[in-house]
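Take the sequence shown: its position 27, counting from 1, is numbered 37 in our numbering, and each next residue is one higher. Please read the structure below before turning to the comments.
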Amino acid sequence: MPGTQPDARTVVVRYLDVLYNQRRLDLIPELIANPTWRHKAGEVKQLTMAETVKRLQDTLDLCPELHFDSVVMHDDGTMVTVNWNGRSTQHDGRSYEYCGIEVFRVSEGKIVEIWNSRETGGHWQPSQTF
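Dropping the structure here:
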C-alpha cells in the first residue's frame with residue numbers, strides 16, 4: 011500500500027543488517043529521524059542528520075570490517091530491544107568481539123531514539139536449556 015510506513019522491527023533490522031553490515035550509509039535519511047536522540051548511561055544527546063551521518067561514517071571508516079548479529083529481538087510495535095553480538099577489525103589490524111543491548115523507539119517508520127548499553131567484550135551465548 012502506498013504511503014504505508016514500515017513496522018518498527020523492519021526498520022531496526024534494516025538499520026543493523028543493511029545500513030551497518032552492508033555499509034549502506036545512503037539509507038540513513040530513510041531509517042533515522044532528523045533529529046534523533048541517543049541515550050547512554052548519564053548522557054542524552056540530540057543529533058542532527060549531519061551529526062548522525064558523521065557518527066556512522068566515522069565508525070565505518072575506523073572499522074573496514076564490522077558486523078552485527080541480532081541474538082534476541084523483541085518489539086511491542088514502537089519499541090524494539092536488541093541483544094547483539096559484534097565483531098570488528100580496525101585499520102591497524104586489531105580485532106574485537108563484543109556485545110551490547112540497544113533499545114530503539116521508532117515513529118512514522120524512522121528511528122527517533124536509541125538507548126545504548128555499554129559494550130562489553132565477548133559474545134552473548136545461547137541458552138543450553140529453556
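Idealized CB from N, CA, C, for every residue including glycine.
Residue i, enclosing beta strand (DSSP E) - first and last residue
i, result
"D79", "E75 to D85"
"E4", "Lying before the first or after the last residue shown, residue 4 is absent from the chain, which here runs from 11 to 140."
Start and end residues, alpha helix (DSSP H) containing residue i
i, result
"P39", "I38 to L41"
"A61", "The sequence shown places Glu at residue 61, rather than the Ala named in the question. Looking at the DSSP string, the run of the alpha helix (DSSP H) that includes E61 is M59 to L72."
"V21", "A18 to V23"
Close Cβ partners of residue i (< 8 angstroms) along its chain, the five nearest in sequence each way excluded
i, result
"R65", "L57"
"W47", "V54, K55, Q56, L57, V122, E123 and I124"
"M11", "Summary for M11: the model assigns pLDDT 46, below 50, so the residue's position carries little reliability, and this model does not support an answer."
Residue i and residue j closer than 8 angstroms at C-beta
i, j, result
"V113", "V122", "no"
"V21", "G87", "no"
"M83", "R19", "yes"
"T99", "E61", "no"
"L35", "Q67", "yes"
"L41", "L26", "no"
"L70", "R33", "yes"
"T130", "Y108", "yes"
Strand pairing of residue i, partner residues [DSSP]
i, result
"Q56", "W47"
"Y106", "S98"
"E112", "V92 and N126"
"S117", "K120"
"G131", "Y108"
Contact set for residue i: own chain, Cβ-Cβ below 6 angstroms, skip 5 residues either direction
i, result
"C73", "S98 and Q100"
"H77", "N31 and R97"
"A43", "K120 and V122"
"Y106", "S98"
"M59", "N44"
Sequence-distant residues of the same chain with beta carbon closer than 7 angstroms to residue i, five excluded per side
i, result
"K50", "N126"
"V81", "N93, W94, N95 and W134"
"D1", "The question about residue 1 has no answer, for the chain in this structure spans 11 to 140."
Can you confirm whether the stretch 127 to 137 touches the stretch 90 to 109 when touching is taken to mean that 3 or more C-beta pairs between the two stretches lie within less than 8 angstroms?
yes
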